[in-house]
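Below is one structure, written out as structure tokens; comments come after it.
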Amino acid sequence: MKDLKTNPGTSTHNICIQHGEKILASQLPQVKNKGYDFAPPFREITVHLYLIGVMWRHGEDLNLVINPREHALASLHTMLVKTGMSEKNAQKRIALLKNMSQTEDGSDTLAVSSGYQAMQDDNSLDMIFEEYRDEARVSGALWRLYNRGKKIMFIGGGAAAFLAIWFVTVFIPSSSGVAVLAAGLFAAALVVIPTFMVGALIYRVKFKKNPTSTVRRL
Numbered sequence: 058m059k060d061l062k063t064n065p066g067t068s069t070h071n072i073c074i075q076h077g078e079k080i081l082a083s084q085l086p087q088v089k090n091k092g093y094d095f096a097p098p099f100r101e102i103t104v105h106l107y108l109i110g111v112m113w114r115h116g117e118d119l120n121l122v123i124n125p126r127e128h129a130l131a132s133l134h135t136m137l138v139k140t141g142m143s144e145k146n147a148q149k150r151i152a153l154l155k156n157m158s159q160t161e162d163g164s165d166t167l168a169v170s171s172g173y174q175a176m177q178d179d180n181s182l183d184m185i186f187e188e189y190r191d192e193a194r195v196s197g198a199l200w201r202l203y204n205r206g207k208k209i210m211f212i213g214g215g216a217a218a219f220l221a222i223w224f225v226t227v228f229i230p231s232s233s234g235v236a237v238l239a240a241g242l243f244a245a246a247l248v249v250i251p252t253f254m255v256g257a258l259i260y261r262v263k264f265k266k267n268p269t270s271t272v273r274r275l
């Protein structure tokens with residue numbers, strides 16, 4: 058990324074960003090009208106990959122001195138920082154997107170290729186999401202289940218550990234430090250392990266499909 062920032066073509070990033078925002082603005086109303094219930098990270102990553110394709114294609118018309126695809130990644134990096142993401146997180150996101158933008162055989166993924174071919178108001182972003190409408194593993198329901206389970210494990214486990222340590226310290230003052238710590242860990246485990254097992258069971262029953270099936274790369 059550092060090399061791209063000092064490149065004479067850096068000023069073209071804003072041009073690509075503006076074009077990407079224009080195309081995206083024309084796509085979002087249709088997506089919103091469909092009322093898709095996807096996990097927020099999935100929705101965000103899909104849009105970012107789509108924008109890479111959009112800005113990549115637009116960059117090919119700008120006589121860039123660097124590879125248009127790499128320029129698109131750098132433009133998205135600039136866009137993420139401008140919209141409030143920290144520099145560190147933006148770099149991590151771009152690294153993730155770069156890895157996710159191609160399949161194992163080196164071809165572009167659906168979101169990138171759709172963005173590359175996108176035109177204003179063509180509903181190409183909606184068509185990507187439509188492909189994953191029935192994929193439970195990227196659903197908002199699974200994401201909410203995960204968040205609830207995480208909160209129960211952390212908050213419930215922490216509260217159970219605190220109460221156990223308090224009880225042992227107050228009512229069994231002769232207990233050693235190791236015994237007090239063990240009591241806290243045991244109490245936390247009584248909350249965390251059952252919660253994890255219940256969550257895993259719900260996932261297996263409600264969300265997990267055929268073991269041989271996989272979520273197609275975006």
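According to the working numbering, the sequence shown is numbered sequentially starting from 58.
The beta-carbon is built from N, C-alpha and C at its ideal position, and this holds for glycine as well.
No experiment lies behind these values; they were computed from the predicted model shown.
The DSSP-derived three-state label of S181 is helix. Annotated as proximal: A168 and L106, with beta-carbon spacing under 9 Å. Assigned with DSSP and collapsed to three states, S196 falls in strand. The C-alpha of L121 lies about 11 Å from the C-alpha of W113.
The residue from Q75, V104 and S196 with its alpha-carbon nearest to that of D94 is S196.
Under the DSSP assignment, T135 falls in the alpha helix (DSSP H) whose first and last residues are P125 to K139.
Between the region 149-166 and the region 73-87, the count of C-beta pairs closer than 8 Å stays below three; the two stretches do not touch.
Taking 9 Å as the cut-off, the beta carbon of G172 is found no closer than this to the beta carbon of V88. By the CB criterion at 9 Å, T166 and M176 fall outside the cutoff.
Leaving aside the five residues that flank N180 on each side, the residues in its chain whose CB is nearer than 6 Å to its CB run, in chain order, Q87.
The alpha-carbon of I212 is positioned some 21 Å away from that of L258. Taking the C-beta atoms as reference points, H70 is found nearer than 9 Å to A131. Rounded to whole angstroms, the Cβ separation of V248 and G214 is 5 Å, and the two are in contact under 8 Å.
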